[in-house]
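Per our numbering, the sequence shown runs over residues 1 to 191.
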Amino acid sequence: MSVSSMMRPARHPDASGPPSGVLWSEACDGLSLRNATFGDGADIWRLVGETGVLDLNSPYAYLMMGNWFADTSVVAAADGRLAGFVMGFSPPRQADTVFVWQVGVAAAMRGRGLGRRMLDALVRRSPGAIRYLEATVTPSNEASEALFRGFARSRAARCAVSDLFPSHAFPTGGHEAERLFRIGPLLPRQQ
Ligand SMILES: CC(C)(COP(=O)(O)OP(=O)(O)OC[C@H]1O[C@@H](n2cnc3c(N)ncnc32)[C@H](O)[C@@H]1OP(=O)(O)O)[C@@H](O)C(=O)NCCC(=O)NCCS
Numbered sequence: 001m002s003v004s005s006m007m008r009p010a011r012h013p014d015a016s017g018p019p020s021g022v023l024w025s026e027a028c029d030g031l032s033l034r035n036a037t038f039g040d041g042a043d044i045w046r047l048v049g050e051t052g053v054l055d056l057n058s059p060y061a062y063l064m065m066g067n068w069f070a071d072t073s074v075v076a077a078a079d080g081r082l083a084g085f086v087m088g089f090s091p092p093r094q095a096d097t098v099f100v101w102q103v104g105v106a107a108a109m110r111g112r113g114l115g116r117r118m119l120d121a122l123v124r125r126s127p128g129a130i131r132y133l134e135a136t137v138t139p140s141n142e143a144s145e146a147l148f149r150g151f152a153r154s155r156a157a158r159c160a161v162s163d164l165f166p167s168h169a170f171p172t173g174g175h176e177a178e179r180l181f182r183i184g185p186l187l188p189r190q191q
């Protein structure tokens, strides 16, 4: 099975042209990186389900993020198929921060630097002067922790880790605690 056939097709309402709502796009190592649109929502929802580790939210949540948080969300595609995504937002009253709500890379594409590249694009393309990147990570998710610590290292930035959501705060039992990773300050010249 080819790499591209192992990834989900990126379907869009207007299949004949570029997806509506594209604000920017860039090519990198055979991949196309661009902002997310609501047309990516269904494929992102499927990819999240396939990871087996990310919380699978409603399809509406992914359409909403692509539609209203396109400025702070990135997708990567290869041969028109979804290879990865980052969905984020700037928290109210924290205009200098982008919070990564979820990030995922198709299994066949992991370990090749795509996660890092999408975080770089997220910070570079987010509107305003982003000085901090935040995300929550569960203690057992080694890949996720490595991704964010590696990103901090590559920017020579501090990575402060603190408790955020304790396990007992989740209404369904068995959810791990979520720790907050706050990375920064990110220097403007590095963006
Ligand atoms: C986490 C995830 C997005 C990383 O994407 P990726 O494209 O494979 O990551 P990269 O190739 O850019 O690697 C980034 C760093 O993480 C390290 N890394 C990647 N996968 C790893 C793993 N399974 N175990 C340990 N380290 C890992 C890389 O070595 C690299 O380290 P470096 O900065 O020191 O070079 C991907 O593994 C994934 O989709 N996992 C399932 C969903 C998930 O857990 N999302 C995060 C929830 S917050």
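C-beta: ideal position from N, C-alpha, C; glycine also.
Check, Outcome
"For N57: DSSP bridge partner residues", "According to DSSP, which records beta bridges pairwise, N57 is partnered with nothing at all."
"Delimiting residues of the alpha helix (DSSP H) encompassing A146", "E142 to S154"
"Inter-residue CB distance, A36 and S90 (contact presumed, cutoff 8 Å)", "With 8 Å as the limit, A36 and S90 do not qualify as a contact, their Cβ atoms being about 15 Å apart."
"Straight-line Cα distance separating W24 from R124", "11 Å"
"Where R158 falls: helix, strand or coil (DSSP)", "strand"
"Simplified DSSP assignment, three categories, for A107", "helix"
"Pairwise C-alpha distance: H168 and I207", "Nothing about residue 207 can be reported from this structure: the residues present for the chain run from 1 to 191 only."
"Which listed residue (P166, P171 and R46) has its alpha carbon closest to that of R179", "P166"
"Buried or exposed by the 16-neighbour rule on C-beta atoms within 10 Å, applied to T94", "Note that residue 94 corresponds to Gln in the displayed sequence, not to Thr. With fewer than 16 Cβ atoms within 10 Å of its Cβ, Q94 is classed as exposed."
"beta-carbon G30 near ligand 1 non-hydrogen atom, thresh 8 Å", "no"
"Chain-ordered list of residues that sit, by beta carbon, closer than 6 Å to a heavy atom of ligand 1", "T51, V53, L54, V103, G104, V105, R110, G111, R112, G113, L114, G115, R116, A135, V137, N141, E142, A143, S144, A146, L147 and G150"
"Nearest-angstrom Cα separation, counted from D120 out to W45", "22 Å"
"Where E176 sits in the DSSP three-state scheme", "coil"
"Strand pairing of T72, partner residues [DSSP]", "Note: T72 sits in no beta bridge, so no partner."
"Residues of its chain near V105, where Cβ-Cβ distance is below 6 Å and the 5 sequence neighbours each way are ignored", "G84, L114 and G115"
"Between the CA atoms of D71 and H12 - distance to the nearest angstrom", "Reliability of the predicted coordinates at H12 is poor, the pLDDT of 46 falling under 50, and the value obtained from them is presented with this limitation in mind. Their backbone Cα atoms lie some 18 Å apart in a straight line."
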